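Student: Numbering (our numbering), first residue to last: 1056 to 1183. For every residue, glycine included, the Cβ atom is placed at its ideal position computed from N, Cα and C. None of the values given here were measured: they were computed from a predicted structure. Could you have a look at this structure, given as structure tokens, before my questions?
See the structure below:
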């Protein structure tokens, strides 16, 4: 959009309409250029018309909806880690719900049922 406010406003309007149809209630549009870092961690000199937060400012202050943990467990798998025949780990980010060791999980596409044996995190195993 070449840092153009009118183009950003058009995209914002279309996206807000689309996101409302999905049930999202609060959206904070932030014009940015990941390639050049504009409005990612610091203010953009190319978009002086924008007075809102940078991406990092928004992420540091946004409150996470506690109701997300009340939803069913959803975990989009982004990577399968299989360093040897004794271990198969699934990496990703929990989109909703919670999971604990011993929980039964269902693979959405195939319907296959499995049980959580371990929850491995950077600092060590977790119970939940």
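Assign residue 1079 to one of three DSSP states: helix, strand, or coil.
Tutor: coil
Student: Which one or two residues does DSSP pair with residue 1181 in a beta bridge?
Tutor: Residue 1181 is bridged to 1174.
Student: Mind checking whether residue 1151 and residue 1127 have CB atoms under 8 Å apart?
Tutor: Residue 1127 sits close to residue 1151, with the two beta carbons spaced by under 8 Å.
Student: As a quick exercise: from 1119, 1115, 1071, 1168, pick the residue whose alpha carbon is nearest that of residue 1096.
Tutor: 1115
Student: Opposite residue 1134 in the DSSP bridges: which residues?
Tutor: 1146
Student: In the DSSP assignment, find the alpha helix (DSSP H) that holds residue 1112 and state where it starts and stops.
Tutor: Note, residue 1112: alpha helix (DSSP H), 1110-1116.
Student: Check each candidate in 1111, 1146, 1107, 1130 and name the one with the smallest Cα separation from residue 1137.
Tutor: Closest by C-alpha distance to residue 1137, out of 1111, 1146, 1107, 1130, is 1146.
Student: With DSSP run on the structure shown, which of helix, strand or coil describes residue 1158?
Tutor: coil
Student: Is the beta carbon of residue 1182 less than 8 Å from the beta carbon of residue 1165?
Tutor: Contact: no.
Student: Which word fits residue 1085, buried or exposed, when buried means at least 16 other C-beta atoms lie within 10 angstroms of its C-beta?
Tutor: buried
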